[in-house]
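Student: Below: one structure in structure tokens.
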Amino acid sequence: MAAFLSNPKLKLIIFGGKGGSGKTTSATATALHFHKLDPKKRILVMSTDPAHSLGDSFDITIGNRVTPIKENLWGLEIDSSELFEEYKAEHGEAIKKIADRGTYFDQDDIEDFFNKTLPGLDEVMAIIRIADLLKAGEYDLIILDTAPTGHTLVLLSLPEEMEKWIHLMDMLMQKHRYIMKRMVGRYKRDECDEFIDSQQKDISRVRQLLSHATATEFVPVTIPEPMSIAETERAVKTLKEHNIAVNSIIVNRVIEEQRGCSFCSARWAEKEEYVREIEQKFAHYNLVKMPLFPHQIRGESLAEYAQVLFGEREYTPPPRAEVLPQAPPLPKGRLSDILEKELSFLIFGGKGGVGKTSIAAASALYLAQHKPDKKVLAFSTDPAHALSDSLQQHIGNQITPISGIDNLYALEIDGTQMLEDFKRDYRDDIDEAFERFLGSHMDIKFDREILKELLVVSPPGLDELMSLQKITDLMKEGDYDLFALDSAASGHLIRFLELPHLMREWLKSIFRLLIKYKGMVKLNRATERLLSLSQNLRKILEVLSNPRGTEFVMITIAEEMGVAEMEDLSESLANLRIPCSHVVINMIIPPTDCGFCAAKRKEQQRYIREIEAKLPHHTIVPIPLLPHDIRGVEHLSELAGIMYGKTMASAKKS
Amino acid sequence: MLLTYVFLKSLRGIAGKIRDMAEEEYYGEDRIKQQLLELQMRLEMDELTEEEYLKAEAALMERLEEGRQRGVQGAV
């Protein structure tokens, strides 16, 4: 098997994996390695994760402009909203013209829709930016640092979807071309045709590069944990379906046995089993094992990581260092005031890999036991669900009672499946709504085809919209008293929380159109459904911003990237007026007398103080790193005991 | 004489049809339902306050009931 990323023809390297597995570190270290190998090679490292951490990793400020890091090495953290504005400024006129020619909407209608933000913009703009970069051909190698797996898989399948959109635009133009030929006798190509052609070429270039066996390689980054292993398996399978090459897998954070430390030994024993599982499951891949470092990897330490990653040196564990004085035990029960509130929504969010699912599942379990008269629904909207694994019971897209606890249910919302169901349900409604429209002699063959095509194309983000609708429906039905949400990683969580506002704006525009064209379009069941959605969204917005009904629990870890992402999240929550008064700092190394733990703990203490200083009005909830994985009721109870201060049994009695 | 009678009868027939159509347009359940949906949309678009909406909705409901009592086709 060829050595790790040794193929000299590589033009695109994509790092992906579960949140917190070390994608960014691996991407930036790889960039530094290739830069060192050939300083003349023009390299761009680009992040497509809405919660960027490239800048944190390099320890410089990057942002939405190509930023020099070293000579011939650049960084870019794309800002989809800004890119969308630029895209509209450049191509807006052509798009509006196509819509004007191909639909019955007038210019005011088109302008109104054109000024709306789209769901799923992050992925779409990332592909368009990659297409632009490939077209300009300024770089010899592009390294992508991506969002957690679920959204990255959406991103990689997008060029194919986008080709369908371009086809739809072409169909809108077909009608115009047909009319012009009949009226004038010939058709002269103009800027709209040029736009469609150029978009087609650009997107096709991205698609071809992605599936190019030698020019592109996807490197999954995994860690010895069951959820990460399961996510890697799914990713590898999907990548294979899309013909995207995978040769190596980085197995990150492999613990070295620390003799003499019972805490490290316990963790090592458990992780070793998972390492063996990885070796078995991915035996056909080049497995690149990376150790767990006693310090975070960023800035200057990236070079050390790169050397170990590319086999230039062996990792040497730290010597038995100074021993920290025994720290006082961490306080317990800091989340207990949540029990006193009559909440209907409890949201758990934070960076990928900080333990959101465990904390959400433990909380749901605890609350169900503490409030036996309330029905609790734990649900997840992350495309890579982990609730089943955490609760050790298969859940899936159906509300599932959790065994042993009468009032606890769980649901892993499958937005993609719901979108398919939605399309099927609405097909008839849409036909009926347009019956009058099409029947009035305006129906030429193109319109029917365009309407059919509209059902086929689906922008990314619609699946999240379906998840949102599911939640609004459940709230309306009123069967559950408390919803505990295990959310997607913070970048996409913010998009998700913004979705009700965004959708309300879209619905207002749709209603405006329906009223305007009420003579042509019959207001029917589809209208009723849209109205019901709008009413439910209004209710959700009321609930989300009500401090008595909603509580957002922010979860972070004591590391630079965790703290930076927590700050961004906190700012977004304030803008969205979502109440948040607790910050969980997870995975704090307990006091031991081993050098490895001491070094890690010392580093963490600095960030804990930083978080306390940055969020003085929040209750800080410290949670120690446990020597074992948190899976199943017993371990979740242990975690809940730390957060809420009582054991499950005593919660049940009270 | 006969012609005048036939003419007047036809005229009455036409007038009756026009009245039926107008009543159906005004009292017809389908038509009122469409107007109700429009009202709801205007409420969602923040064009109407909750109070204005309730008032207009009540007027439509009243009209629907009136249509039913008058036995207007499409309102029963």
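Order-wise, the sequence lines are chains A and B.
Numbering follows the working numbering, in which position 143 of the first sequence is assigned residue number 155; successive positions increment by one, without gaps.
Numbering follows the working numbering, in which position 23 of the second sequence is assigned residue number 33; successive positions increment by one, without gaps.
Here a beta-carbon is modelled for each residue, glycine too, at the ideal position from N, C-alpha and C.
(1) Output yes or no for whether 8 Å exceeds the beta carbon distance between V645 (chain A) and L377 (chain A).
(2) Can you tell me whether F17 (chain B) is helix, strand or coil according to DSSP?
(3) Mark K488 (chain A) as exposed unless 16 or more other C-beta atoms lie within 10 angstroms of its C-beta, in which case mark it buried.
(4) Look at G104 (chain A) and V233 (chain A) and say whether their C-beta atoms are less than 8 Å apart.
(5) Quick check: is the beta carbon of L47 (chain B) nearer than 8 Å to any beta carbon in chain A?
(6) Quick test of your reading: K387 (chain A) and D493 (chain A), contact by CB under 8 Å. State the CB separation rounded to the nearest angstrom.
(7) Work out the CA separation of W177 (chain A) and Y190 (chain A) for me, nearest whole Å.
(8) Residue ranges of each alpha helix (DSSP H) run of no fewer than 4 residues wholly in the region 342-389 of chain A, ordered along the chain?
(9) Just list the residues that DSSP pairs G162 (chain A) with in beta bridges.
(10) Check the Cβ of E51 (chain B) against every Cβ in chain A and list those closer than 7 Å, keeping chain order.
(11) Consider the C-beta atom of L56 (chain A) and the heavy atoms of the ligand COA; say whether any pair is separated by less than 7 Å.
(12) Return the CA-CA distance between S544 (chain A) and E554 (chain A), expressed in angstroms with no decimal places.
(13) Can you list, in chain order, the residues of its chain whose CB lies under 8 Å from that of L519 (chain A), leaving out five sequence neighbours each side?
(14) Give the DSSP-derived three-state secondary structure of R643 (chain A) in the structure shown.
(15) Name the DSSP beta bridge partners of N298 (chain A), please?
(16) Please list the partners that M71 (chain B) has in chain D, where partner means a Cβ-to-Cβ separation under 8 Å.
(17) Using only CA atoms, which one of A:H594, A:F495, A:Q429 lies nearest to M478 (chain A)?
(18) Checking the sheet assignment: what are the DSSP bridge partners for V596 (chain A)?
(19) For S392 (chain A), collect the residues of the same chain with a Cβ closer than 6 Å to its Cβ; drop the 5 residues on either side in sequence, then sort them by chain order.
(20) Does the region 233-247 of chain A come into contact with the region 558-578 of chain A, if we say contact requires no fewer than three beta-carbon pairs (one atom in each stretch) closer than 8 Å?
(21) Using DSSP with H/G/I as helix, E/B as strand and the rest coil, what is L221 (chain A)?
(22) Using alpha carbons as the reference points, say which of A:D641, A:E583, A:K435, A:L165 lies closest to T244 (chain A).
(23) Give a yes or no on contact between the region 348-367 of chain A and the region 30-38 of chain A, applying the rule of three or more CB pairs nearer than 8 Å.
(24) Spell out whether any CB of chain B is found under 8 Å from the CB atom of L519 (chain A).
(25) Specify whether the region 47-66 of chain A and the region 78-89 of chain A touch according to this definition: at least 3 beta carbon pairs, one from each stretch, less than 8 Å apart.
(26) Does DSSP classify K21 (chain A) as helix, strand or coil?
(27) Kindly list the residues whose CB is nearer than 7 Å to the CB of K521 (chain A), restricted to its own chain and excluding five residues on each side of it in sequence; keep chain order.
(28) For the region 27-76 of chain A, list the beta strand (DSSP E) runs that are entirely contained and at least 3 residues long, ordered along the chain.
(29) Pull the bridge partners of A496 (chain A) from the DSSP assignment, please.
(30) In chain order, what residues of the same chain have a beta carbon less than 8 Å from the beta carbon of I620 (chain A), not counting five sequence neighbours either side?
(31) Find the residues of chain B that neighbour T539 (chain A), judging by a C-beta separation of less than 8 Å, and give them in chain order.
(32) Taking C-beta pairs closer than 8 Å, name the residues in chain B that K530 (chain A) reaches, listed in chain order.
(33) Comparing the C-beta of M55 (chain B) with each C-beta of chain A, is any distance below 8 Å?
(34) Under a three-way DSSP split, which group does I90 (chain A) fall into?
(35) Residues in its own chain within less than 8 Å of M454 (chain A) by CB, not counting five upstream and five downstream?
(36) Any beta carbon of chain B sitting closer than 8 Å to that of S557 (chain A)?
Tutor: On the basis of the data shown:
(1) Yes; because the gap between Cβ atoms is below 8 Å, this pair is in contact.
(2) Looking at F17 (chain B) - three-state DSSP - the assignment turns out to be helix.
(3) By the Cβ-count criterion, K488 (chain A) is exposed, with fewer than 16 other Cβ atoms from all chains shown falling within 10 Å of its own Cβ.
(4) The answer is no: Cβ separation not under 8 Å.
(5) Closer than 8 Å to some Cβ of chain A, the Cβ of L47 (chain B) qualifies, so yes.
(6) Yes, K387 (chain A) and D493 (chain A) are in contact; Cβ-Cβ is about 5 Å, under 8 Å.
(7) So the two alpha carbons sit approximately 20 Å from each other.
(8) The qualifying runs are 349-352, 368-382.
(9) Looking at the DSSP output, G162 (chain A) shares a beta bridge with no other residue.
(10) Here the sequence assigns Met to residue 51 (chain B), which means Glu is not the residue at that position. What M51 (chain B) touches in chain A: F523, L526, I527, L543.
(11) Among the components modelled here there is no ligand, and therefore nothing to report on the ligand COA.
(12) Here the C-alpha atom of S544 (chain A) lies approximately 15 Å from the C-alpha atom of E554 (chain A).
(13) Excluding positions up to five away in sequence, the list reads L542, L545, S546, L549.
(14) Coil.
(15) N298 (chain A) is bridged to A:S260.
(16) The displayed structure is made up of protein chains A and B, and chain D is not among them.
(17) Selected option, being the one with the closest Cα: A:Q429.
(18) Paired residues: A:I567, A:V633.
(19) Answer for S392 (chain A): L399, E424, D498, listed in chain order.
(20) The region 233-247 of chain A, when compared against the region 558-578 of chain A, does not touch it at the 8 Å Cβ threshold.
(21) Looking at L221 (chain A) - three-state DSSP - the assignment turns out to be helix.
(22) Out of A:D641, A:E583, A:K435, A:L165, A:L165 has the C-alpha closest to the C-alpha of T244 (chain A).
(23) Touching, yes, given that three or more Cβ pairs across the two stretches are closer than 8 Å.
(24) At a cut-off of 8 Å between beta-carbon atoms, L519 (chain A) makes contact with chain B.
(25) Yes, the region 47-66 of chain A touches the region 78-89 of chain A.
(26) DSSP places K21 (chain A) in the coil class of the three-state scheme, outside both helix and strand.
(27) Checking the displayed sequence, the identity of residue 521 (chain A) turns out to be Ser instead of Lys. Within the same chain, Cβ atoms closer than 7 Å to the Cβ of S521 (chain A) are found at D124, F125, K128, the five residues on either side in sequence being excluded.
(28) Within the region 27-76 of chain A, the complete beta strand (DSSP E) runs of at least 3 residues are 55-59.
(29) Paired residue(s): A:L358, A:A390.
(30) So the qualifying residues of the chain are A570, I597, I600, I632, P634.
(31) Residues of chain B passing the Cβ test: L47, M51.
(32) Near K530 (chain A) (Cβ distances below 8 Å), the residues of chain B are Q44, E48.
(33) Yes, M55 (chain B) lies at the interface with chain A (some Cβ there is under 8 Å from its Cβ).
(34) Of the three classes helix, strand and coil, the one that applies to I90 (chain A) here is coil, per DSSP.
(35) Only weak support is given to the placement of M454 (chain A): the predicted model assigns it a pLDDT of 49, under 50, and the question is left unresolved by the model.
(36) Not a single CB atom of chain B sits nearer than 8 Å to the CB of S557 (chain A).
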